[in-house]
Amino acid sequence: MTLLCPAIVSERSEPGRPSRRIWTTLSDAALLSQCAVDTYRASGPGGQKRNKTSSAVRLRHLPSGLIVIAEESRSQHENRDKALKRLRRAFYLHWRDPLPEGGRSAGYWSQHPDWAAVLKPNGRLEVGRKDPKFWPAAGVILDLLDAVQARISEVATILEISTGNLIDFLETDPKLWQETNQLRQKYGHKPLRDSS
119 MTLLCPAIVS ERSEPGRPSR RIWTTLSDAA LLSQCAVDTY RASGPGGQKR
169 NKTSSAVRLR HLPSGLIVIA EESRSQHENR DKALKRLRRA FYLHWRDPLP
219 EGGRSAGYWS QHPDWAAVLK PNGRLEVGRK DPKFWPAAGV ILDLLDAVQA
269 RISEVATILE ISTGNLIDFL ETDPKLWQET NQLRQKYGHK PLRDSS
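Right, here's the structure in full:
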(Lines of atoms letter the chains of each structure in order from A and count residues from 1; the text may use other names and numbers.)
(Lines give C-alpha, C1' and ligand atoms only; values in the text may rest on other atoms or scores of the structure.)
Protein backbone atom coordinates (compact mmCIF):
# COMPACT_ATOMS: atom_id res chain seq x y z
CA MET A 1 0.00 0.00 0.00
CA THR A 2 1.28 3.46 -0.85
CA LEU A 3 0.11 6.73 0.64
CA LEU A 4 1.09 9.95 -1.06
CA CYS A 5 1.01 13.47 0.25
CA PRO A 6 -1.71 15.29 -1.74
CA ALA A 7 0.18 18.58 -1.59
CA ILE A 8 2.74 17.21 -4.06
CA VAL A 9 0.48 15.56 -6.61
CA SER A 10 0.53 17.32 -9.98
CA GLU A 11 2.58 20.31 -8.90
CA ARG A 12 4.85 21.84 -11.52
CA SER A 13 8.47 22.36 -10.66
CA GLU A 14 9.49 25.92 -10.05
CA PRO A 15 12.92 27.46 -10.59
CA GLY A 16 15.17 26.41 -7.72
CA ARG A 17 12.99 23.40 -6.91
CA PRO A 18 15.09 20.22 -6.79
CA SER A 19 15.04 17.84 -9.73
CA ARG A 20 13.86 14.32 -8.94
CA ARG A 21 17.14 12.99 -10.40
CA ILE A 22 18.84 14.27 -7.24
CA TRP A 23 16.78 11.82 -5.17
CA THR A 24 16.37 8.89 -7.56
CA THR A 25 20.12 8.45 -7.93
CA LEU A 26 20.85 8.39 -4.18
CA SER A 27 21.85 5.19 -2.45
CA ASP A 28 19.25 3.63 -0.15
CA ALA A 29 21.17 4.83 2.91
CA ALA A 30 21.42 8.41 1.62
CA LEU A 31 17.73 8.48 0.65
CA LEU A 32 16.73 7.03 4.01
CA SER A 33 18.74 9.75 5.77
CA GLN A 34 16.39 12.32 4.18
CA CYS A 35 13.32 10.58 5.58
CA ALA A 36 11.47 10.56 8.87
CA VAL A 37 10.97 6.86 9.56
CA ASP A 38 8.02 5.69 11.62
CA THR A 39 7.41 2.10 12.62
CA TYR A 40 4.11 0.84 13.93
CA ARG A 41 2.04 -2.26 14.39
CA ALA A 42 0.12 -3.14 11.28
CA SER A 43 -3.47 -4.16 11.66
CA GLY A 44 -5.29 -6.85 9.75
CA PRO A 45 -4.57 -10.52 9.01
CA GLY A 46 -1.17 -12.04 9.57
CA GLY A 47 -1.28 -13.87 12.85
CA GLN A 48 -0.19 -12.98 16.31
CA LYS A 49 3.35 -11.92 15.37
CA ARG A 50 2.06 -9.18 13.09
CA ASN A 51 0.05 -7.65 15.91
CA LYS A 52 2.88 -7.88 18.49
CA THR A 53 5.75 -6.30 16.58
CA SER A 54 6.16 -2.87 15.03
CA SER A 55 7.04 -4.16 11.59
CA ALA A 56 5.14 -1.67 9.40
CA VAL A 57 7.20 1.25 8.04
CA ARG A 58 6.16 4.75 7.02
CA LEU A 59 8.69 6.94 5.25
CA ARG A 60 8.17 10.68 5.05
CA HIS A 61 10.61 12.19 2.57
CA LEU A 62 11.17 15.59 4.14
CA PRO A 63 12.48 17.53 1.10
CA SER A 64 9.60 16.50 -1.21
CA GLY A 65 6.75 15.87 1.23
CA LEU A 66 6.03 12.43 -0.23
CA ILE A 67 4.85 9.73 2.16
CA VAL A 68 4.91 5.98 1.50
CA ILE A 69 4.13 2.98 3.65
CA ALA A 70 4.85 -0.74 3.56
CA GLU A 71 3.24 -3.17 5.98
CA GLU A 72 2.87 -6.47 4.11
CA SER A 73 5.78 -8.31 5.66
CA ARG A 74 6.34 -9.33 9.26
CA SER A 75 9.92 -8.11 8.83
CA GLN A 76 10.59 -4.45 9.47
CA HIS A 77 13.70 -4.65 7.23
CA GLU A 78 11.70 -6.05 4.31
CA ASN A 79 9.04 -3.40 4.77
CA ARG A 80 11.69 -0.66 4.87
CA ASP A 81 13.18 -1.95 1.59
CA LYS A 82 9.71 -2.04 -0.02
CA ALA A 83 8.97 1.47 1.22
CA LEU A 84 12.23 2.77 -0.32
CA LYS A 85 11.29 1.21 -3.68
CA ARG A 86 7.85 2.80 -3.44
CA LEU A 87 9.39 6.16 -2.62
CA ARG A 88 11.57 5.99 -5.73
CA ARG A 89 8.49 5.11 -7.80
CA ALA A 90 6.57 7.98 -6.15
CA PHE A 91 9.22 10.46 -7.32
CA TYR A 92 8.53 9.47 -10.93
CA LEU A 93 4.77 9.39 -10.46
CA HIS A 94 4.24 12.60 -8.51
CA TRP A 95 7.25 14.89 -8.77
CA ARG A 96 7.18 16.82 -12.03
CA ASP A 97 10.40 18.23 -13.42
CA PRO A 98 10.22 21.19 -15.80
CA LEU A 99 11.12 20.44 -19.40
CA PRO A 100 14.69 21.29 -20.27
CA GLU A 101 15.38 23.75 -23.05
CA GLY A 102 14.52 22.00 -26.29
CA GLY A 103 12.35 19.49 -24.43
CA ARG A 104 9.42 19.94 -26.77
CA SER A 105 11.45 18.98 -29.82
CA ALA A 106 11.56 15.35 -30.91
CA GLY A 107 15.33 15.30 -31.45
CA TYR A 108 16.01 16.17 -27.82
CA TRP A 109 14.46 13.00 -26.41
CA SER A 110 16.27 10.60 -28.73
CA GLN A 111 19.45 11.60 -26.83
CA HIS A 112 17.99 11.72 -23.32
CA PRO A 113 19.31 8.74 -21.28
CA ASP A 114 15.98 7.95 -19.57
CA TRP A 115 14.19 7.82 -22.92
CA ALA A 116 16.85 6.53 -25.32
CA ALA A 117 17.37 3.49 -23.05
CA VAL A 118 13.81 2.21 -23.62
CA LEU A 119 13.20 3.03 -27.28
CA LYS A 120 13.76 0.04 -29.57
CA PRO A 121 15.46 0.35 -32.97
CA ASN A 122 12.05 -0.15 -34.62
CA GLY A 123 10.89 3.09 -32.94
CA ARG A 124 8.61 1.40 -30.41
CA LEU A 125 8.54 1.79 -26.67
CA GLU A 126 8.83 -1.71 -25.24
CA VAL A 127 9.86 -2.02 -21.62
CA GLY A 128 8.34 -4.15 -18.87
CA ARG A 129 7.11 -2.80 -15.57
CA LYS A 130 9.80 -4.68 -13.63
CA ASP A 131 12.62 -3.31 -15.77
CA PRO A 132 14.61 -0.64 -13.86
CA LYS A 133 14.29 1.63 -16.92
CA PHE A 134 10.47 1.62 -16.74
CA TRP A 135 9.96 4.32 -14.09
CA PRO A 136 12.50 6.81 -15.47
CA ALA A 137 10.73 6.53 -18.85
CA ALA A 138 7.36 6.95 -17.13
CA GLY A 139 8.70 10.10 -15.43
CA VAL A 140 9.68 11.55 -18.82
CA ILE A 141 6.20 10.86 -20.20
CA LEU A 142 4.43 12.36 -17.17
CA ASP A 143 6.66 15.46 -17.29
CA LEU A 144 5.77 15.91 -20.96
CA LEU A 145 2.06 15.30 -20.31
CA ASP A 146 2.08 18.01 -17.66
CA ALA A 147 3.99 20.41 -19.93
CA VAL A 148 1.58 20.01 -22.88
CA GLN A 149 -1.61 19.99 -20.79
CA ALA A 150 -2.06 16.19 -20.97
CA ARG A 151 -2.47 15.95 -24.75
CA ILE A 152 -1.51 12.35 -25.50
CA SER A 153 -1.02 12.78 -29.25
CA GLU A 154 1.33 15.73 -28.71
CA VAL A 155 3.48 13.71 -26.29
CA ALA A 156 3.60 10.81 -28.77
CA THR A 157 4.71 13.19 -31.52
CA ILE A 158 7.45 14.71 -29.34
CA LEU A 159 8.70 11.25 -28.33
CA GLU A 160 8.46 9.95 -31.92
CA ILE A 161 6.22 7.00 -31.10
CA SER A 162 2.67 6.19 -32.05
CA THR A 163 -0.22 7.29 -29.87
CA GLY A 164 -1.26 3.64 -29.54
CA ASN A 165 2.21 2.62 -28.36
CA LEU A 166 2.17 5.41 -25.77
CA ILE A 167 -1.25 4.39 -24.47
CA ASP A 168 -0.16 0.73 -24.33
CA PHE A 169 2.81 1.76 -22.18
CA LEU A 170 0.66 3.87 -19.86
CA GLU A 171 -1.73 0.95 -19.35
CA THR A 172 1.00 -1.42 -18.13
CA ASP A 173 0.90 0.00 -14.60
CA PRO A 174 -2.34 0.93 -12.78
CA LYS A 175 -0.73 3.79 -10.83
CA LEU A 176 0.79 5.23 -14.00
CA TRP A 177 -2.61 5.02 -15.71
CA GLN A 178 -4.27 6.70 -12.73
CA GLU A 179 -1.72 9.53 -12.66
CA THR A 180 -2.16 10.05 -16.41
CA ASN A 181 -5.91 10.39 -15.98
CA GLN A 182 -5.44 12.74 -13.02
CA LEU A 183 -3.29 14.97 -15.24
CA ARG A 184 -5.94 14.81 -17.97
CA GLN A 185 -8.62 15.78 -15.46
CA LYS A 186 -6.47 18.66 -14.21
CA TYR A 187 -6.37 20.08 -17.75
CA GLY A 188 -10.05 19.48 -18.49
CA HIS A 189 -9.76 16.35 -20.67
CA LYS A 190 -11.83 13.21 -20.43
CA PRO A 191 -10.06 10.24 -18.84
CA LEU A 192 -8.50 7.67 -21.13
CA ARG A 193 -10.47 4.44 -21.33
CA ASP A 194 -8.77 1.23 -20.34
CA SER A 195 -8.69 -1.06 -23.37
CA SER A 196 -9.01 -4.24 -21.32
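Numbering-wise (our numbering), the sequence shown opens with residue 119 and increments by one.
Positions of the beta carbon are idealized from the N, C-alpha and C atoms, including for glycine.
Here the structure is a predicted model, which is why all the values come from computation and not from measurement.
Under the three-state reduction of DSSP output, ALA188 falls in the strand class. Using a 10 angstroms sphere on the CB of HIS179, the tally of other CB atoms reaches 16 or more, which defines it as buried. Closest option to SER172, judged by alpha-carbon separation, among LEU184, PRO181, SER182, ASP156: ASP156.
In this model, ASP312 and ASP199 are separated by some 31 Å (Cα to Cα). Sorting ASN197, GLY183, ARG247, ALA268 by C-alpha distance to the C-alpha of ARG159 places ASN197 at the top.
Residue pairing by DSSP leaves VAL245 without any beta bridge partner. ASP156 carries a strand assignment under DSSP once its states are collapsed to helix, strand and coil. The beta carbons of ILE279 and GLY241 sit about 7 Å from each other, so the pair counts as a contact at 8 Å.
Cβ-Cβ separation between LYS251 and ALA235: approximately 5 Å, consistent with a contact (criterion under 8 Å).
Distance from the Cα of GLY246 is smallest, within the candidate group GLN152, GLU289, ALA188, GLN300, for GLU289.
Counting along the chain, ALA234 sits inside the alpha helix (DSSP H) bounded by residues 231 to 234. Contact check between the segment 187 to 194 and the segment 205 to 221: fewer than three CB pairs, one atom from each, fall below 8 Å, which does not count as touching. For HIS195, the uninterrupted alpha helix (DSSP H) segment begins and ends at 194 to 212. If you check the CB distance, LEU177 and ALA147 do not come in under 9 Å.
In the displayed model, ALA255 falls within a helix according to three-state DSSP.
The beta carbon of LEU284 sits closer than 8 Å to those of LEU243, ILE259, ILE270, VAL273, ALA274, LEU277, all from its chain and outside the five residues before and after it, given in chain order.
Residue VAL175 holds the alpha-carbon nearest to the alpha-carbon of ARG192 among VAL175, GLU297, LYS203.
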